[in-house]
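Some notes on the structure that comes next.
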Amino acid sequence: MERYIQQLIEDLDEAAKNPPSAYKIEIPPHMEETPDLAELALVPFKSIEEWTGIKQEVFPEIWQLEGGQWERLNDAIIKVLDSINVQLVDAPPDLPPEILYEVLTTNWDYEVQFLPLTGMDLELCTGDPDTCPFGQFCSCDEEFDEHEIPYHFLEFIPKIAENIDAGFICYLNPDTMEMENVPKAQMDDPEEFEMNTGEPLGLEGLNFPKWENCIVFKPLESYEYFSIMEEFIFSLDDDRFSEKLMHALNHKKPFGHFKNLIDNSRYREDWFSFKKIWLEKHVKELIFHEINDFSGFDFDSVNGFFNDGGTKIDPETVPLPGLCVICKLHQTEDWEENMLCVLNRNDQRNESDFECGMFEKI
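Encoded structure:
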């Protein structure tokens, strides 16, 4: 089998070095200035097998391989996908190499487009845990509910979103709720950062390396920012401007061209608001999944309502004024409204006259 694996890797390397010729399309006159969009619209979908000339049947079954053979084949397969400008973008980062091999080879008949100008993102997650090829390693079966995020985390979410957008790595201690930020460039290459800024890495002044529990929030990858911009484009009702933005994303320096168009349009504030909401939701999802992964940490100790001194409030013991009983907001299904009501009642629990600026009679 090892001899066969070596020959197969050589065949895959040869296919990667000799990608297919670009599919010949006749660009309509009205799309001459946007050949990338014409390519996207006119290039047909074919299986990976058809584009590469590598038959699916040449790949051994997963149980026939062992040791580092999965990793070596995965590397060769990904090179072949790169040669047709196709990138698998939704594989979980902790996916074992043998499962990745199974996913790649069993989906070799998956139909894709060969787009030399823009490339294609390959997404194999089905969103259904019963059919998702990534199985237990995918989070598609984890229903995200932001109301399950402990209350003490909520005030940090906007700041974390703002910092990762600015290129900082945020470190949050879930035990003490301390937060520290370090420029990503500083962590990636301390020497170059010091040479460019004159500032040393200076980790000795930071506490996060000593924390037993730590949630790390990193700046988005380029493809994630690309996704935000695509989602924003699809949310617009202005077809003409949407087409300009999409054209910008499909050319060199997409981020710069996109920013230039947005900054000089009436959608500038809409974009900032859209990005802010997206990033805060992203941070909430990270917190949600992280706190459910922590073992041995008592999140009941930080989840709920607290006085300024840190004493936990039991909502059932907070007195209910008569004004609340006849208010439309009492027992609303809106979790945040209920939270605000409980906190307001608790703040005035010892007052003789209860006041509420949100009161609305039933």
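With the numbering used here, the residue at position 155 of the sequence shown is 246, and numbering never jumps.
Just so you know, even glycine gets a beta-carbon here, dropped at the ideal spot from N, CA and C.
Is DSSP giving D212 helix, strand or coil here?
strand
Taking V171 as part of the alpha helix (DSSP H), name the residues at either end of that continuous run.
Note, V171: alpha helix (DSSP H), Q160 to S174.
Buried or exposed: W369, going by 16 or more other Cβ atoms within 10 Å of its Cβ?
buried
Quick one: give me the first and last residue of the alpha helix (DSSP H) that P126 is part of.
P126 to L133
Sorted by chain position, which residues of the same chain lie with C-beta nearer than 6 Å to G226's C-beta, five sequence neighbours on each side aside?
Here the set comprises nothing.
Round the Cβ separation of L195 and I168 to the nearest angstrom and send it over; I've been treating them as touching at under 8 Å.
5 Å
At which residues does the beta strand (DSSP E) containing N441 begin and terminate?
Premise fails: N441 is in no beta strand (DSSP E) and is neither H nor E.
Does the count of Cβ pairs from the segment 326 to 338 and the segment 179 to 191 closer than 8 Å reach three?
no
For my contact list, K146 and D104 are in at a C-beta cut-off of 8 Å; report their separation, rounded to the angstrom.
Between K146 and D104, the beta carbon gap of about 16 Å keeps them out of contact (Cβ cut-off 8 Å).
Based on the DSSP output, what are the partners of F452 in its beta bridges?
Note on residue identity: the sequence assigns Lys, not Phe, to residue 452. Answer is C418, bridged to K452.
Can you tell me which of the three DSSP states Y114 falls into?
In this structure, DSSP gives Y114 a state outside helix and strand, which the three-state scheme calls coil.
Which residues in the same chain as N341 place their Cβ atom closer than 6 Å to its Cβ, once the five residues preceding and following it in sequence are excluded?
Contacts found: D127 and T209.
Classify V307: buried if its beta carbon has 16 or more other beta carbons within 10 angstroms, exposed otherwise.
exposed
Under the three-state reduction of DSSP, which class applies to Q204: helix, strand or coil?
coil
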